[in-house]
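The numbering used here numbers the first residue of the sequence shown as 1 and each following residue consecutively.
We put the beta carbon where it would ideally sit given N, CA and C, even for glycine.
Okay, structure first, notes after.
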Amino acid sequence: MSIADTLTELETRAAALLDDAEDAEALETARVEFLGRKGALAGISKEMGRLTPEERAQVGRLLNGVKQNLEARYETRKAGFERAALDARLAGEWLDLTLPAPGPRPGRLHPLTQIMRELEDLFTSLGFAVVDGPEVETEWYNFDALNIPPAHPARDAQDTFWMEDGHLLRTHTSPVQVRAMERFGAPLRIIAPGRVFRNEELDASHEHTFYQLEGMMVDRHVSVGHMLYFMKSLLAAIFGREVTVRLRPGFFPFVEPGFELDIQCLLCGGKGCPVCKQSGWVELLPCGLVHPNVLRAGGLDPEEWNGFAFGLGLTRLVMMRYGIDDIRHLAAGDLRFLRQF
Ligand code: FA5
1 MSIADTLTEL ETRAAALLDD AEDAEALETA RVEFLGRKGA LAGISKEMGR
51 LTPEERAQVG RLLNGVKQNL EARYETRKAG FERAALDARL AGEWLDLTLP
101 APGPRPGRLH PLTQIMRELE DLFTSLGFAV VDGPEVETEW YNFDALNIPP
151 AHPARDAQDT FWMEDGHLLR THTSPVQVRA MERFGAPLRI IAPGRVFRNE
201 ELDASHEHTF YQLEGMMVDR HVSVGHMLYF MKSLLAAIFG REVTVRLRPG
251 FFPFVEPGFE LDIQCLLCGG KGCPVCKQSG WVELLPCGLV HPNVLRAGGL
301 DPEEWNGFAF GLGLTRLVMM RYGIDDIRHL AAGDLRFLRQ F
């Protein structure tokens, strides 16, 4: 077979392989076989040395024509594969730039903080000042000044975290009553929201760290009627509707008489559940008229002044308002829970 015939046959074979290559890999294999440095065309060009100058010119032209033809086919197919690969990638990574951006996610106040602020607004509008007290307290303010002497059984009701130096983590916000009387004298209207601590068994309605909101009013001729008025205002502001409450006698050494205001459990509607310990009622607002000994401890004359005080279970109030079925959610720091408020 002459070189010219070999070339024509090679061109037909190579063109078919290039045109029918199934993918970029097959195309590259065909390119190496025919157009590569050691490929079929290169082999033929080496053999041209054996030809006469006339034959060489003729075959050279032929060879160039075949080479250009095959290279053009190769380039066309290669561009086709590259475009297909790009299309596939774009289809996979499709981005709709006209969609609205998700935007920054705003932070929120903890539900406890929200309710605390609502109550602060309410009570300041009623002429109360918002005051604060230390979380690390002395035994005197937490117990003795509140008419709870050492060995009094009421101390056992509030399991206490003691510090090695004799201080304690306050078990309630009531020590602020005495601190406020010392600081401001009478007449006095204060609320004191804050964190308190008890070394107790944990369950759906008991935490070791929780919030209370102390309220106190001292004036001349304060009555249980005044106390009920402010406590009802508080509940109306938080629940915005009638809630069923009951008032029963309660014993706290720092009030006389003392009461417990319970709210019908809003989680079960009074039927009984783990939050209300199956009783249908939740203890929320113990209260009473301030004991004369406490007024004295605060530097006031009980002959001249009297007052009421209450100790709202703020964390439980938040549970009732939002229907939270376990107190431990509130301090767990789980964003899926917190983002609901
Ligand atoms: C007191 O702490 C008194 N200082 C309240 C008081 C103030 C009475 C002024 C009279 C005058 P008590 O121990 O019942 O009382 O707690 C008050 C409220 O705190 C309870 O009604 C309850 O709502 C809440 N509470 C008590 N223990 C826990 C706890 N472990 N976890 C969550 N809330 C609690």
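Counting along the chain, where does the alpha helix (DSSP H) carrying residue i start and finish?
i	result
Met48	From DSSP, Met48 is part of no alpha helix (DSSP H); its letter is neither H nor E.
Gly92	53-92
Glu256	Glu256 -> not in any alpha helix (DSSP H); beta strand (DSSP E) instead, spanning 255-264.
Ala157	154-157
Going straight from the alpha carbon of residue i to that of residue j, what length do you get?
i	j	result
Ala151	His206	25 Å
Leu235	Ala101	42 Å
Leu70	Leu35	8 Å
Met376	Thr124	Since the displayed the chain opens at 1 and closes at 341, residue 376 lies outside it and no answer follows.
Val318	Leu202	18 Å
Leu335	Pro111	12 Å
Arg89	Pro274	56 Å
Phe239	Leu285	14 Å
Ile253	Cys287	Position check: residue 253 holds Pro in this sequence, whereas Ile was assumed. Straight-line Cα distance between these residues: approximately 11 Å.
Ala79	Glu28	12 Å
Asp301	Pro175	18 Å
Whose C-beta lies closer than 7 Å to the C-beta of residue i among residues of the same chain, with five residues either side of it excluded?
i	result
Arg198	Gln158, Asp159, Thr171, His208
Thr138	His167
Asp87	none
Give me, in chain order, the residues of the same chain whose beta-carbon lies closer than 6 Å to that of residue i; leave out the 5 immediate sequence neighbours on both sides.
i	result
Ala30	Leu17, Leu18, Ala21
Phe81	Ala24
Leu247	Phe259, Leu261
Just confirm the distance between the C-beta atoms of residue i and residue j, as a whole number of angstroms; I'd bet it's less than 8 Å.
i	j	result
Tyr211	Arg195	6 Å
Val255	Ala192	Val255 to Ala192, Cβ: 16 Å. No contact.
Leu289	Val224	7 Å
Gly311	Thr173	6 Å
Arg316	Val282	6 Å
Gln114	Phe341	7 Å
At what residues does the beta strand (DSSP E) containing residue i begin and finish?
i	result
Trp305	Where Trp305 is concerned, there is no enclosing beta strand (DSSP E), given that its DSSP letter is neither H nor E.
Arg183	Counting along the chain, Arg183 falls outside any beta strand (DSSP E), though it belongs to the alpha helix (DSSP H) covering 175-184.
Ile3	Careful: Ile3 lies outside any beta strand (DSSP E), inside the alpha helix (DSSP H) at 3-20.
Val222	Element bounds for Val222: n/a, residue is neither H nor E.
Trp281	281-290
Arg316	Not the beta strand (DSSP E): Arg316 falls in the alpha helix (DSSP H), residues 314-322.
The ligand GDP and residue i: does any heavy atom of the ligand fall closer than 7 Å to the residue's C-beta?
i	result
Phe184	Within the structure as shown, the ligand GDP is missing, the only ligands being the ligand FA5.
_Does the stretch 285-304 come into contact with the stretch 320-338, if we say contact requires no fewer than three beta-carbon pairs (one atom in each stretch) closer than 8 Å?_
no
**OP:** May I ask you to verify whether the stretch 32-51 touches the stretch 62-77, counting CB pairs closer than 8 Å and requiring at least 3?
**Re:** yes
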